[in-house]
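2 protein chains.
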Amino acid sequence: MTYTTGAAEDYLKTIYAHTEWQAELITPSALAVRLGVAPSSVTEMVKKLAANGLIAHVPYGPLALTDAGRLRATAVVRRHRLIETWLVDEMGYDWDQVHDEAEVLEHAISDRFLEAINARLGFPAHDPHGDPIPAADGTVLRPPALLLAEAVVGHAGTVLRISDRDPTVLRKLAADRIGPGAEFRLSAPLTIVLADGQNRLVTPAAAAAIWVTAQA
Amino acid sequence: MTYTTGAAEDYLKTIYAHTEWQAELITPSALAVRLGVAPSSVTEMVKKLAANGLIAHVPYGPLALTDAGRLRATAVVRRHRLIETWLVDEMGYDWDQVHDEAEVLEHAISDRFLEAINARLGFPAHDPHGDPIPAADGTVLRPPALLLAEAVVGHAGTVLRISDRDPTVLRKLAADRIGPGAEFRLSAPLTIVLADGQNRLVTPAAAAAIWVTAQA
DNA sequence: ATCGGAGTTTCGGTCCGCCTAAATTCTGGC
DNA sequence: GCCAGAATTTAGGCGGACCGAAACTCCGAT
Chain A
1 MTYTTGAAED
11 YLKTIYAHTE
21 WQAELITPSA
31 LAVRLGVAPS
41 SVTEMVKKLA
51 ANGLIAHVPY
61 GPLALTDAGR
71 LRATAVVRRH
81 RLIETWLVDE
91 MGYDWDQVHD
101 EAEVLEHAIS
111 DRFLEAINAR
121 LGFPAHDPHG
131 DPIPAADGTV
141 LRPPALLLAE
151 AVVGHAGTVL
161 RISDRDPTVL
171 RKLAADRIGP
181 GAEFRLSAPL
191 TIVLADGQNR
201 LVTPAAAAAI
211 WVTAQA
Chain B
1001 MTYTTGAAED
1011 YLKTIYAHTE
1021 WQAELITPSA
1031 LAVRLGVAPS
1041 SVTEMVKKLA
1051 ANGLIAHVPY
1061 GPLALTDAGR
1071 LRATAVVRRH
1081 RLIETWLVDE
1091 MGYDWDQVHD
1101 EAEVLEHAIS
1111 DRFLEAINAR
1121 LGFPAHDPHG
1131 DPIPAADGTV
1141 LRPPALLLAE
1151 AVVGHAGTVL
1161 RISDRDPTVL
1171 RKLAADRIGP
1181 GAEFRLSAPL
1191 TIVLADGQNR
1201 LVTPAAAAAI
1211 WVTAQA
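These protein sequences, in sequence, are chains A and B. Residue 1 is where the first sequence starts when you use this note's numbering, and the numbers rise one by one after that. Residue 1001 is where the second sequence starts when you use this note's numbering, and the numbers rise one by one after that.
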């Protein structure tokens, strides 16, 4: 009835992550791609998660978390992001190196351990990529944001988060000193001016990974 | 061919642990008890480990690690003990609380992470219970030792290690300030005098968990 | 309005680690 | 030397997570 294996947690987390910054529901095939499994594996797990009341699913339709599922998912995300923050702040990792380690540890550490690092870090609200760390009750504070790739020329704002999907992008941006909190103005397509007046050319891949404040 | 699942690591580690302080080979049934699995499960895993050249086994006989198996086992033990040391030294755990957490983490952390904590701890030679931490090449430094339960009255020496099997024993001994490094003399059965002259009565369970230097 | 292809599900299968119950083998006491 | 009981192995099964191939459903383009 509880059903909280590492695999199930990964499915829930991935469903949650998909809807965190985009508002669309995820389809089984998209989920399969993200998880790197066959579509039939998704069907199977979806059946189990639905039977446990963690997701809502009509046959041939998209997937949506139930309240119970969302709570479970945010708990995993919370672990993942606290671990990433801790690896960067205390264990000497760079922000492009934490993902895989966190992926494993999030299923391995005890609650006690989690709270130990949380306290040590001073109860951070965001991870190194700017992603909000869900509270223990599942609450997530997420400001309105849009992709840099979708911003119009002239848009000014602050970098809120960078998707951690592509380590290459992360390394490049770190070298360019572009991270959460950076203020900028989009002076031309794929070109931003930072607070200190420096220009930066961002790759299309980077523009599709950088989320910025919606309001100037 | 490589075959290093968490379960297999646990079998190897347990076989190794059995022969670390006692010189006897372990039998399949003893291994089953230690691991909390059915004897038939042991038979099955033993077959796989033998096929992979990690243990030597003749049907109906006891189990022995091959060189390759010992190397694999000490690698796991190394992880386990470094993690325990780190949990106590840096993460605020008491020595009777680290076992379960280490049991899970030893299969989860990367080599990079392991070396990060190793460096942070200053490359310790022993864990909090006094167990030697194997070197990366599998070398283990283990002084001659005997159980306090087997020492004769009058025996004097130093506490080398305390088995971490029983948390109750560990808590009691911590309260009594008996730990690795403590000098003592066995003044009567189950009675020791510490370096500062204080007397301590040890329970039979504790006497069967405390290993001391063989020579006075 | 239908038809084909994309997306989804079903079906049968694999591997892993575990189980119980039923053989089988070994061994020590007579 | 034999034989009962203990230890071990074999046999058959289960649940979890995955797979590929085949069947099915759905929807948009014509």
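The C-beta atom is built at its ideal place from N, Cα and C for all residues, glycine as well. All values reported here derive from a predicted model rather than from experimental measurement.
Going by C-alpha distance, which of the options is nearest residue i?
i                        : options                                    : result
aspartate 96 (chain A)   : A:Ala149, A:Gly179, A:Trp21, A:Thr27       : A:Gly179
glycine 6 (chain A)      : B:Ala1108, B:Ala1050, B:Ala1207            : B:Ala1108
leucine 1139 (chain B)   : B:Pro1128, B:Thr1203, B:Asp1100, B:Leu1071 : For clarity, residue 1139 (chain B) is threonine in the given sequence; the question names leucine instead. The candidate whose alpha carbon is nearest that of threonine 1139 (chain B) is B:Leu1071.
aspartate 166 (chain A)  : A:Gly36, A:Ala208, A:Ile133                : A:Ala208
alanine 205 (chain A)    : A:Ile26, A:His155, A:Glu150, A:Gln198      : A:Glu150
threonine 1027 (chain B) : B:Pro1059, B:Lys1048, B:Thr1004            : B:Pro1059
leucine 35 (chain A)     : A:Glu44, A:Thr14, A:Leu49, A:Asp196        : A:Thr14
glutamine 1215 (chain B) : B:Thr1158, B:Val1104, B:Leu1082            : B:Thr1158
aspartate 1164 (chain B) : B:Ala1195, B:Glu1103, B:Leu1194            : B:Glu1103
leucine 1049 (chain B)   : B:Asp1137, B:Thr1004, B:Thr1203            : B:Thr1004
leucine 1197 (chain B)   : B:Asp1127, B:Val1037, B:Ala1156, B:Lys1172 : The sequence shown places glycine at residue 1197 (chain B), rather than the leucine named in the question. Of B:Asp1127, B:Val1037, B:Ala1156, B:Lys1172, the residue nearest in Cα terms is B:Ala1156.
If we ignore side chains and look at the alpha-carbon of each, how far apart do residue i and residue j end up?
i                         : j                        : result
glycine 1053 (chain B)    : glycine 1069 (chain B)   : 7 Å
isoleucine 1162 (chain B) : aspartate 1111 (chain B) : 27 Å
methionine 91 (chain A)   : leucine 1114 (chain B)   : 11 Å
glutamate 1009 (chain B)  : glycine 1122 (chain B)   : 26 Å
serine 1187 (chain B)     : alanine 1175 (chain B)   : 20 Å
leucine 12 (chain A)      : proline 39 (chain A)     : 16 Å
histidine 57 (chain A)    : leucine 65 (chain A)     : 9 Å
threonine 1002 (chain B)  : proline 62 (chain A)     : 40 Å
isoleucine 1055 (chain B) : arginine 1081 (chain B)  : 22 Å
lysine 1047 (chain B)     : aspartate 1067 (chain B) : 17 Å
histidine 99 (chain A)    : proline 1132 (chain B)   : 32 Å
alanine 23 (chain A)      : aspartate 127 (chain A)  : 21 Å
leucine 173 (chain A)     : aspartate 94 (chain A)   : 12 Å
glutamate 1044 (chain B)  : glutamate 1106 (chain B) : 23 Å
asparagine 199 (chain A)  : arginine 171 (chain A)   : 18 Å
alanine 1037 (chain B)    : alanine 1051 (chain B)   : In the sequence as displayed, the identity of residue 1037 (chain B) is valine instead of alanine. Straight-line Cα distance between these residues: approximately 21 Å.
arginine 1079 (chain B)   : arginine 1177 (chain B)  : 27 Å
alanine 135 (chain A)     : alanine 1136 (chain B)   : 40 Å
Could you spell out the range, first to last residue, of the alpha helix (DSSP H) harbouring residue i?
i                         : result
alanine 207 (chain A)     : 204-207
isoleucine 1015 (chain B) : 1006-1021
alanine 1075 (chain B)    : 1067-1089
histidine 99 (chain A)    : 98-105
alanine 174 (chain A)     : 167-175
Enumerate in chain order the residues of its own chain whose CB-to-CB distance from residue i is below 8 Å, with the five nearest sequence positions on each side excluded.
i                        : result
valine 1153 (chain B)    : Leu1186, Ser1187, Ala1188, Pro1189
leucine 160 (chain A)    : Gly130, Pro143, Ala145, Pro180, Trp211, Val212, Thr213
alanine 1125 (chain B)   : Pro1132, Ile1133, Leu1141
glutamate 101 (chain A)  : Ile83, Leu87, Tyr93
threonine 1203 (chain B) : Val1169, Lys1172, Leu1190
Go to residue i, then tell me how far its beta strand (DSSP E) extends in each direction, as first and last residue.
i                         : result
glycine 1157 (chain B)    : 1156-1162
alanine 1145 (chain B)    : 1145-1147
isoleucine 1055 (chain B) : 1055-1057
isoleucine 109 (chain A)  : No beta strand (DSSP E) holds isoleucine 109 (chain A); DSSP gives it neither H nor E.
leucine 49 (chain A)      : Unbroken run through leucine 49 (chain A) is the alpha helix (DSSP H), 39-51; no beta strand (DSSP E).
alanine 188 (chain A)     : 183-188
leucine 1031 (chain B)    : Premise fails: leucine 1031 (chain B) lies in the alpha helix (DSSP H), 1028-1035, not in any beta strand (DSSP E).
isoleucine 1178 (chain B) : Neither: isoleucine 1178 (chain B) is in no beta strand (DSSP E) and is coded neither H nor E.
threonine 1231 (chain B)  : Any answer about residue 1231 (chain B) is impossible in this case: the structure gives chain B only from 1001 up to 1216.
threonine 213 (chain A)   : 210-213
arginine 1200 (chain B)   : 1199-1201
Looking only at its own chain, which residues have a Cβ that is under 7 Å from the Cβ of residue i, when we skip the five neighbours before and after it?
i                       : result
tryptophan 21 (chain A) : Ala145, Trp211
tyrosine 16 (chain A)   : Leu65, Arg70, Ala73, Thr74, Val77
leucine 201 (chain A)   : Leu190, Thr191
Just to confirm my understanding: we take residue i, look at its own chain, exclude 5 residues before and 5 after, and list those with CB closer than 6 Å. What are they?
i                           : result
arginine 1148 (chain B)     : The question names arginine, but residue 1148 (chain B) is leucine in the sequence shown. Once the five neighbours on either side are set aside, the close Cβ partners of leucine 1148 (chain B) are Ala1207, Ile1210, Val1212.
threonine 168 (chain A)     : none
valine 42 (chain A)         : Pro28, Leu31, Ala32
histidine 18 (chain A)      : Ile26
phenylalanine 184 (chain A) : Ile192, Leu194
alanine 182 (chain A)       : Val159
| At least 3 beta-carbon pairs within less than 8 Å: the region 69-86 of chain A vs the region 117-128 of chain A | yes
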